[in-house]
Structures are given as structure tokens and as C-alpha cells.
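Step one of this worksheet: look at the structure below.
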Amino acid sequence: MGGASHASGDPWNGNSAVDAMELYTTGLNYYREHVRPTARIHYDIEKAGDVVNVVPDFAQIWTRLRENDKENVNILYERAKKIAEAASMMANVDYEMELISGIYEIIPNRFWGWNNSREYRVTRGNQVYRR
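Following the numbering used here, the numbering of the sequence shown begins with 97 at its first residue and continues without gaps.
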């Protein structure tokens with residue numbers, strides 16, 4: 097969150113939230129060079145100002161970080177937080193980051209898998225085949 101101002105008459109009094117967002121995405125893109133091959137970093141710009149010719153005081157971006165396990169996704173998340181903080185300092189704006197959800201590695205249920213495969217049925221027309 098920055099400070100809005102008129103872009104042609106008073107830009108020196110504004111702090112652009114979009115500048116911070118662009119610095120954040122640039123940081124994420126450079127960080128991609130230094131992650132494991134299994135890491136995935138995605139973002140989607142949700143809001144980048146309302147009108148042209150105004151220094152925008154608000155911007156919103158969704159970031160999705162994926163990895164093979166909890167430990168490595170947490171490493172990605174901690175670095176993304178540092179990148180966001182650095183971007184906000186460079187643009188002289190405030191930022192908020194909210195973790196919405198996290199899905200970690202799968203814990204297999206071997207009993208359910210065994211039982212399910214034992215009861216697996218294939219239906220073809222009117223006939224039911226049991227395994």
C-alpha cells in the first residue's frame with residue numbers, strides 16, 4: 097500500500113504500490129535461477145491501480161509456490177517474504193502478505209490402497225468384473 101498522487105502534476109508525492117509489485121515479480125524471476133529443478137513459482141497480478149495517470153496506492157498479486165516437500169516449500173516461502181519486504185522498502189510502501197493455504201507431501205495410506213484395490217470393480221455394459 098503506497099500513496100496515491102496525480103502522475104503528471106504531483107508524482108513526487110506518491111509512492112507507487114505497482115512499482116513495489118513490479119520489483120517483487122522481478123525478484124521472484126531472478127530467484128527462479130537459484131531454486132531446485134522441482135520448484136515452481138507462479139504469480140498472477142490481480143490489481144494494479146484503478147486509472148491511468150495516477151500513482152497507484154494499491155496493488156494485489158497472488159503467488160503460488162510449489163515444491164516436492166514441506167521443508168523445501170517453506171524455503172521458497174521464506175525467500176518470497178524477503179523479496180516482498182525488499183521490494184516494499186525500495187518503493188517506500190507498506191505491504192501485507194497472507195498465507196492462504198499449504199499442501200504438503202502425500203502420506204500414503206497403504207491399508208486403504210490395498211483394501212481399495214482388492215474391492216476394485218470394472219463395469220462394462222451390464223457385466224461387473226471383480227479383481
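Quick reminder that beta carbons are idealized off the backbone N, C-alpha and C, glycines included.
- Message: Tell me the residue span of the alpha helix (DSSP H) that contains arginine 132.
- Response: Position 36 of the sequence shown holds residue 132. Unbroken run through arginine 132: none, as it is neither H nor E.
Report task. Taking 8 Å as the threshold, find out whether the stretch 180-187 comes into contact with the stretch 161-172 through three or more Cβ pairs. Result -> Output reads no: the stretch 161-172 does not touch the stretch 180-187.
Excluding sequence positions up to five away, which residues of its chain have a Cβ less than 6 Å from the Cβ of tyrosine 191?
For the purposes of this step, residue 191 is identified with residue 95 of the sequence shown, where counting begins at 1. Within the same chain, tyrosine 191 has close Cβ partners Ala180, Ser184.
Q) Would DSSP call aspartate 146 helix, strand or coil? A) Within the sequence shown, numbered from 1, the residue matching residue 146 stands at position 50. Three-state result, aspartate 146: coil.
* Asked: Do you know offhand how far arginine 160's Cα is from arginine 136's?
  -> Reading the sequence shown from its first residue, position 64 is the one you call residue 160. Reading the sequence shown from its first residue, position 40 is the one you call residue 136. Distance between the alpha carbons of arginine 160 and arginine 136 is about 8 Å.
* Asked: From valine 148 to aspartate 165, what distance separates their C-alpha atoms?
  -> As a working note, residue 148 is residue 52 in the sequence shown. As a working note, residue 165 is residue 69 in the sequence shown. In this structure, the alpha-carbon of valine 148 lies about 42 Å from that of aspartate 165.
Cβ distance (whole Å) where alanine 155 is taken to contact alanine 113 below 8 Å = Along the sequence shown, one-based indexing puts residue 155 at 59. Along the sequence shown, one-based indexing puts residue 113 at 17. About 4 Å; that satisfies the 8 Å criterion.
Just how far apart, CA to CA, sit glutamate 142 and proline 152?
-> Here residue 142 is taken as the residue at index 46 of the sequence shown, counted from 1. Here residue 152 is taken as the residue at index 56 of the sequence shown, counted from 1. Between glutamate 142 and proline 152, the C-alpha separation is close to 14 Å.
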